[in-house]
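Below: the structure, in structure tokens.
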Amino acid sequence: MRDEFKAGSFFLSLSFLIIFIFLLRESLKINTLGIEWGGPRFFPLILTLLLISLSSVLVVIEGIKFFKLITSNRDYRNFSIKWEGIISVILVLLASIIYVLVIKVIGYFITTFILSFIVSLMFKARVIDALLVATIITLSTLFLFKVLLSVPLPEGVFGW
Amino acid sequence: MVGIDIIYEVLSPKMITVMIITSLYGLFIGTMPGLTATMAAALLVPFAFWLDPLTALAMIIVMDVLAIWAGDVPATFVRIPGTPASAAYTDDMYELTKGGKGQIALSISLLASTFGGLIGVLILIFFSPQLARFAVNFSSSEFFWLVIFGLVSSILAVRGPPIKRVVSVLLGLLIALVGFDPVFYSSRLTFNIPELEGGLSYIPILIGVFGMSEVIRRVYYKARGITITLPYTEFKTLELTVTGLSTLRKYFTRFITGSLIGTIIGALPGAGADIAAWLSYNISYRFSKNKDVYGKGSEEGLVAASSANNASLAGAWIPSLVFGIPGDSVTAIVLGVMMMKGIIPGPKIFIEQGRLVTGLFIVFMIANLLIIPLGILTIKALGRLFLKTPDYILVPSILLFCIVGSYAVDFTFFNVVVMILFGIIGFFMQRYGFPTPPMILGIILGKILETYFVMTYMKGGVIAFFNRPLSLILIALIIFIILAPKLSKIIISKRYEYKSPVTDTSNK
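One line per chain: the protein sequences are A and B, in this order.
The numbering of the first sequence is our numbering, which starts it at 8 and goes up by one.
The numbering of the second sequence is our numbering, which starts it at -3 and goes up by one.
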């Protein structure tokens, strides 16, 4: 895509660096059990230190690229965030997380039906088609996993 | 005549019925993301109580062989590896589908799997004792170097800035360390979350990185008015078979090396089809003349990896039969079934249970041959189903399979959260040039690497990593695989320098 968010690589590298610093802090908390070389802390510590060094280099490299892009190319499309795409992604992720949170209470059938219905609508299905798709998907996965494979799917207060 | 007798027994209506039912079961398990061949084998154990030893073992063999191939089906059409053994070449399969060659890709993997599997069986029949002796010579130090070899070749086998590739593999290794450490059982990087104590299962991670990230990608582009469509081309059965065979012939060297690597890796205790596929794919990339196509629909890489994963299944039986040491997780269950039936594995099994062993070899042959008819039917039926289904049906279905597939690993929704998280990570990594395959291999091999490192170090300090001939061979192999392209360039340029004066003279 020509109009991608060009600063993404820089921000991803920066996010990695912050996460790895946080993980280094966690690694230092690991009990060594008196063994420094080959002990429980050895591998996490070495790996986080290596990752911090590499992502620092990446931040610098991507930062320079980003800076050059800002100074040489003033096309706003390179830096504008594509909100319409991001909002849809957030919506799907949010729906999935809510699904996980409520499935134990409401049960597999209703939550799965609602989730399939929402995602189907996001892909421009007509309401009647989305209802049909959600019903078929819910019933077929219920049959497949619960009946055929004996996977204990959550039943919730309604019992299905 | 024991030989003829056992052929009749294997081809008896009862055995054929059991083999067909379990092959369909294997196909089903393989095409369902999140369900593994190991889990499917465990579910077959109760049936083994009621069956004679040969039928009980045949049931597991047929299911395993079919499931490993069928794992390629969702990898091809929805970019979710059905089993971890298909993860190495999922991107290639999916890219071929995007180019309208999804069914062709599956027919290539089908034939490579069948013939790779058959080579594995032939090695199992003729070289079991020799290979088993070689495999048990592997100490922790050799395993350590073998894992390093796998990780190094995974970095070399992907495109992108080298620094991002290294970050990807190290990130995978770090993720693998979450939970109790494998030697001292000390809790690490768990942030006091009880679910993390046992570590992260790599199946939800695989589903997240490949499947969920695809859902996110489709949603993202759809909202921006871009629809990702996969072209559907109708292929005749003969066309699929001929194309598959000619591709196999074209990459015959890759096919043979893939099958051999698969069998050897399978014979190593603890290393299964997934590691065999990764290693074969990476080695194939390193020596390929068409490196640019890898990860973008390489038929060469596909042949190398899919022949390796099915060949490894027979390889895994070598240490199991000869020493009673499981080659992979499925053969661990097989050993349990054998014990249950009063069969003691060991070198004497070939004499004391000669009839059973011959029967198993024949079953293995039939199982691999069964892939062809059942596979062709699957390709034609599911190809039409997946590629002609509109997004508003396909995407919610993929999302649900991602969710239920992750949940089915141990029936906790924590794995679903892990899957979603890795879907997001995978989406951003792929978008901004961080290759995900090295991370996946790092996650698979992380704990193994640490275990063998600690075991070797405890045995004799740093020197223990370098004082065995087999370790030195593996170190030399690692150096060779890193330097191979540079060495070949130097050799070619030397040849050119040597020849150029002659050319110049003739020109004059």
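By construction, the Cβ of each residue, glycine as well, lies at the ideal position given by its N, Cα and C atoms.
None of the values given here were measured: they were computed from a predicted structure.
Exercise for the section: Determine, using beta carbons only, whether V107 of chain A comes closer than 8 Å to chain B. Expected result: yes
Practice task
Taking only the alpha-carbon atoms, compute the straight-line gap between V29 of chain B and W141 of chain B and give it to the nearest angstrom.
Solution key: The amino acid at residue 29 of chain B is misidentified as Val; the sequence shows Pro. Approximately 31 Å between the Cα atoms of the pair.
Handout entry: Among A:A14, A:F18, A:S63, the one whose alpha carbon lies nearest that of I159 of chain B
Key = A:S63
Handout entry: Sequence-distant residues of its chain with Cβ nearer than 8 Å to D136 of chain A (five each side left out)
Key = S127
Exercise for the section: Identify the continuous alpha helix (DSSP H) that holds N305 of chain B and give its terminal residues. Expected result: 295 to 319
Handout entry: Close beta carbons around E191 of chain B, own chain, < 8 Å, minus the five adjacent residues each side
Key = T408, F410
Handout entry: C-beta neighbour in chain A for P392 of chain B, strict 8 Å
Key = yes
Practice task
Please classify V126 of chain B: is it buried, with 16 or more other beta-carbons within 10 angstroms of its beta-carbon, or exposed?
Solution key: Reading off the sequence shown, one finds Gln at residue 126 of chain B, where the question assumed Val. Classification of Q126 of chain B: exposed, given that the 10 Å Cβ count is below 16.
Practice task
Can you give me the start and stop residues for the alpha helix (DSSP H) that R464 of chain B sits inside?
Solution key: Element bounds for R464 of chain B: n/a, residue is neither H nor E.
Problem - C-beta contact flag for N306 of chain B and S109 of chain B at 8 Å - result: yes
Practice task
Give the range of the alpha helix (DSSP H) segment to which Q126 of chain B is assigned.
Solution key: 98 to 132
Handout entry: Simplified DSSP state of M401 of chain B, which is helix, strand or coil
Key = Residue identity differs from the one stated: residue 401 of chain B is Gly in this sequence, not Met. DSSP places G401 of chain B in helix when its eight states are reduced to three.
Problem - Three-state class that DSSP yields for F49 of chain A in the structure shown - result: helix
Practice task
Tell me whether the beta-carbon of T447 of chain B lies closer than 8 Å to the beta-carbon of P178 of chain B.
Solution key: yes
Exercise for the section: State the Cα-Cα distance for the pair G156 of chain B and Y428 of chain B, rounded to the nearest angstrom. Expected result: 10 Å
Handout entry: Assigned exposure category for N463 of chain B - 16 Cβ within 10 Å defines buried
Key = exposed
Handout entry: Burial state of S147 of chain A, where buried means 16 or more other Cβ atoms lie within 10 Å
Key = exposed
Problem - C-alpha distance - L470 of chain B paired with G146 of chain B, whole-angstrom precision - result: 11 Å
Practice task
Jot down the residue ranges of each uninterrupted alpha helix (DSSP H) in the stretch 136 to 224 of chain B, minimum 4 residues, whole runs only, in chain order.
Solution key: 136 to 152, 158 to 172, 198 to 202, 209 to 219
Practice task
Would you mind telling me which residues of chain C sit closer than 9 Å to S182 of chain B, beta carbon to beta carbon, in chain order?
Solution key: In the structure shown, chain C does not exist; the protein chains are A and B.
Problem - Residue of A:L19, A:M129, A:P161, A:S60 minimising C-alpha distance to L98 of chain A - result: A:M129
Problem - the stretch 138 to 171 of chain B: positions lying closer than 9 Å to chain A by Cβ - result: P157, I159, K160, V162, V163, L166, L167, L169, L170
Problem - Where D500 of chain B sits in the DSSP three-state scheme - result: Low confidence applies to D500 of chain B: its pLDDT is 45, below 50, so where it sits in the model is not reliable, and the reading given next is rough at best. It is helical.
Practice task
Grab me the residues of G268 of chain B's own chain with a C-beta within less than 6 Å of its C-beta, minus the 5 sequence neighbours each way, in chain order.
Solution key: D324
Exercise for the section: Spell out a yes or no on whether the stretch 320 to 338 of chain B and the stretch 19 to 29 of chain B are touching, meaning 3 or more CB-CB pairs, one atom from each, closer than 8 Å. Expected result: no
Problem - Straight-line Cα distance separating P481 of chain B from I488 of chain B - result: 11 Å
Handout entry: Chain-order list of residues whose beta-carbon lies under 8 Å from that of S242 of chain B (same chain, five-residue window excluded)
Key = none
Handout entry: Residue from A:I59, A:L155, A:T119 with nearest C-alpha to G163 of chain A
Key = A:T119
Handout entry: Meets three-Cβ-pair contact criterion under 8 Å: the stretch 230 to 249 of chain B and the stretch 77 to 96 of chain B
Key = no
Practice task
Please decide whether R9 of chain A counts as near chain B, where near means a Cβ-Cβ distance under 8 Å.
Solution key: At R9 of chain A, the pLDDT of 45 sits below 50, so the modelled position is not reliable and the matter cannot be decided from this model.
Handout entry: Simplified DSSP state of E33 of chain A, which is helix, strand or coil
Key = helix
Exercise for the section: Taking all protein chains shown into account, decide if E193 of chain B is buried (16 or more other Cβ within 10 angstroms of its Cβ) or exposed. Expected result: exposed
Exercise for the section: Would you decide whether N38 of chain A is buried or exposed? Buried here means 16 or more other CB atoms lie within 10 Å of its CB. Expected result: exposed
Practice task
Pull up the distance between the alpha-carbon of L534 of chain B and that of R133 of chain A, whole angstroms please.
Solution key: Since the displayed chain B opens at -3 and closes at 504, residue 534 of chain B lies outside it and no answer follows.
Handout entry: Any C-beta of chain B under 8 Å from that of V96 of chain A
Key = yes
Practice task
Just tell me which of A:G41, A:F50, A:S16, A:F165 has its CA closest to the CA of V109 of chain A.
Solution key: A:F165
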